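S.K.: After the structure tokens below, expect a handful of questions from me.
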Amino acid sequence: MAADKPDTSITAKDVANFLAGNPDAMSDLLATEPEFLAACLTAAGTHAAAHMDNKVVDLIPALAAKARQDARKISQTHQSLLHVAAENMLNWTRLHHATLGLLASTDLAGMCQVISTEFPVIFDLSQCQLITEAEAGLNSGLQVGLAVHPADQINAATQGRGLFLGLPNDAAQALLIKPAQSLAIIRLPDRLPDPVSQCLLLLGGKTANSFHPDLGSDLLVLLAEMVGVTLAARLELQAEMT
Numbered sequence: 021m022a023a024d025k026p027d028t029s030i031t032a033k034d035v036a037n038f039l040a041g042n043p044d045a046m047s048d049l050l051a052t053e054p055e056f057l058a059a060c061l062t063a064a065g066t067h068a069a070a071h072m073d074n075k076v077v078d079l080i081p082a083l084a085a086k087a088r089q090d091a092r093k094i095s096q097t098h099q100s101l102l103h104v105a106a107e108n109m110l111n112w113t114r115l116h117h118a119t120l121g122l123l124a125s126t127d128l129a130g131m132c133q134v135i136s137t138e139f140p141v142i143f144d145l146s147q148c149q150l151i152t153e154a155e156a157g158l159n160s161g162l163q164v165g166l167a168v169h170p171a172d173q174i175n176a177a178t179q180g181r182g183l184f185l186g187l188p189n190d191a192a193q194a195l196l197i198k199p200a201q202s203l204a205i206i207r208l209p210d211r212l213p214d215p216v217s218q219c220l221l222l223l224g225g226k227t228a229n230s231f232h233p234d235l236g237s238d239l240l241v242l243l244a245e246m247v248g249v250t251l252a253a254r255l256e257l258q259a260e261m262t
């Protein structure tokens, strides 16, 4: 004769005990089920209504409405945090791929090709350029793949900033190889030797919101640092070969 199966049915008391003993689970439940707390308060109000003194003001409906509103805010915050985390993960993955592309280049021309052809695909851009100031004095053999513009024009395009994010002005439009809805122009780190510190990375956005002044700049600065270090190494190698 088969042994009797144990009774595994879960009671309401089991659920209550579990939630009381696991506050993290309760937080997750409120974040994913914004109506849960309001439903609990409504049920409590219905149960208590029959035993409530008529002289007592019933605040449970108001509390339920407030709980529903707060739970929705928690849910929205939860979803917003998930979205930000996903965006950050995507951006770090893109930076990783860009770094691998730079490291795979063996000379200055190859590095510039990675920036102009692979970066737009990796970062979903309309264009990407490595720009150097004409005053940097690079000889023609070291200018392969770099866009050369006067320092005054570059300063006008960036409004004198080391990092410019936003809509392109007239001076910036002249730097573009094709139209861009928004721009990020990042000067390579000034701690690196000349002519690297006289170079800039230009990223052209596909929409007006691709780059804007309120956009976080940490990843862009890291990208510029990676480009700057790689450029310094490639220029040194190129100089040794000439």
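Note that the sequence shown covers residues 21 to 262 in this note's numbering. For each residue, glycine too, the CB sits at the ideal point set by N, CA and C. All of these numbers come straight from a predicted model, not from anything done at the bench.
Could you tell me the boundaries of the beta strand (DSSP E) in which Gly248 lies?
M.R.: Counted from its first residue, the sequence shown places residue 248 at position 228. Not the beta strand (DSSP E): Gly248 falls in the alpha helix (DSSP H), residues 238 to 261.
S.K.: Below 8 Å, can you find three or more Cβ-Cβ pairs linking the segment 162 to 176 to the segment 227 to 237?
M.R.: Counting Cβ pairs under 8 Å, fewer than three are found: no touch.
S.K.: Contact defined as beta carbons within less than 8 Å: I believe Pro209 pairs with Thr152. What is the distance between those atoms, to the nearest angstrom?
M.R.: Taking the first residue of the sequence shown as position 1, residue 209 is located at position 189. Taking the first residue of the sequence shown as position 1, residue 152 is located at position 132. In fact, because the Cβ distance is near 15 Å, the residues do not count as touching under 8 Å.
S.K.: Tell me, please, which residues DSSP counts as bridged to Cys219.
M.R.: Here residue 219 corresponds to residue number 199 of the sequence shown, with the count starting at 1. For Cys219, which the question treats as bridged, DSSP gives the partners Thr152.
S.K.: If you draw a straight line from the C-alpha of Leu145 to the C-alpha of Leu243, how long is it?
M.R.: Here the question's residue 145 lines up with position 125 in the sequence shown. Here the question's residue 243 lines up with position 223 in the sequence shown. Taking the straight line from one Cα to the other gives about 14 Å.
S.K.: Are Leu195 and Leu212 touching if we call contact CB-CB under 9 Å?
M.R.: Counting from one through the sequence shown, the residue named residue 195 turns up at place 175. Counting from one through the sequence shown, the residue named residue 212 turns up at place 192. No, Cβ-Cβ distance for Leu195 and Leu212 is not below 9 Å.
S.K.: Which of the three DSSP states, helix, strand or coil, is assigned to His169?
M.R.: Within the sequence shown, the letter at position 149 stands for residue 169. Strand, per DSSP.
S.K.: Could you tell me if Ile174 is buried or exposed, where buried requires 16 or more neighbouring beta carbons within 10 angstroms of its beta carbon?
M.R.: Counting from one through the sequence shown, the residue named residue 174 turns up at place 154. Per the 10 Å Cβ criterion, buried.
S.K.: Whether or not the segment 111 to 118 and the segment 239 to 254 are in contact is what I'm after, with contact meaning three or more pairs of Cβ atoms, one per stretch, closer than 8 Å; do they touch?
M.R.: yes
S.K.: Three-state secondary structure (DSSP) at Gln193?
M.R.: If you number the sequence shown from 1, residue 193 lands on position 173. Looking at Gln193 - three-state DSSP - the assignment turns out to be helix.
S.K.: Taking its Cβ as the centre, do 16 or more other Cβ atoms sit within 10 Å of Leu257, making it buried, or is it exposed?
M.R.: For the purposes of this step, residue 257 is taken as the residue at position 237 of the sequence shown. Label assigned to Leu257: exposed.
S.K.: Could you tell me the distance, in whole angstroms, from the CA atom of Leu203 to the CA atom of Ala129?
M.R.: Taking the first residue of the sequence shown as 1, we reach residue 203 at position 183. Taking the first residue of the sequence shown as 1, we reach residue 129 at position 109. Cα to Cα, the separation comes out at about 24 Å.
S.K.: Taking 6 Å as the limit between beta carbons, can you name the residues of its chain near Glu138, skipping five residues before and five after?
M.R.: Locating residue 138 in the sequence shown gives position 118, where the first residue counts as 1. Excluding sequence positions up to five before and after Glu138, its CB lies within less than 6 Å of the CB of Gly121, all in the same chain and listed in chain order.
S.K.: Within 10 angstroms of its Cβ, does Gly224 collect 16 or more other Cβ (buried), or is it exposed?
M.R.: Counted from its first residue, the sequence shown places residue 224 at position 204. With 16 or more other Cβ atoms within 10 Å, it is buried.
S.K.: Can you tell me which of Asp190, Leu185, Gly165 puts its alpha carbon nearest to the alpha carbon of Asp238?
M.R.: As a working mapping, residue 238 is identified with position 218 in the sequence shown. Comparing Cα positions, the closest option is Leu185.
S.K.: Note the first and the last residue of the continuous alpha helix (DSSP H) segment covering Leu128.
M.R.: For the purposes of this step, residue 128 is identified with residue 108 of the sequence shown, where counting begins at 1. Counting along the chain, the alpha helix (DSSP H) containing Leu128 begins and ends at 128 to 133.
S.K.: Please say whether Ile205 and Ala176 have beta carbons closer to each other than 9 Å?
M.R.: Residue 176 sits at position 156 when you count from the first residue of the sequence shown. Residue 205 sits at position 185 when you count from the first residue of the sequence shown. Not in contact: Ala176 and Ile205 (Cβ atoms no closer than 9 Å).
S.K.: Along the beta strand (DSSP E) that carries Phe38, what are the first and last residues, could you check?
M.R.: As a first step, residue 38 must be located in the sequence shown, where it is residue number 18. Per DSSP, Phe38 belongs to no beta strand (DSSP E); it is in the alpha helix (DSSP H), 32 to 41.
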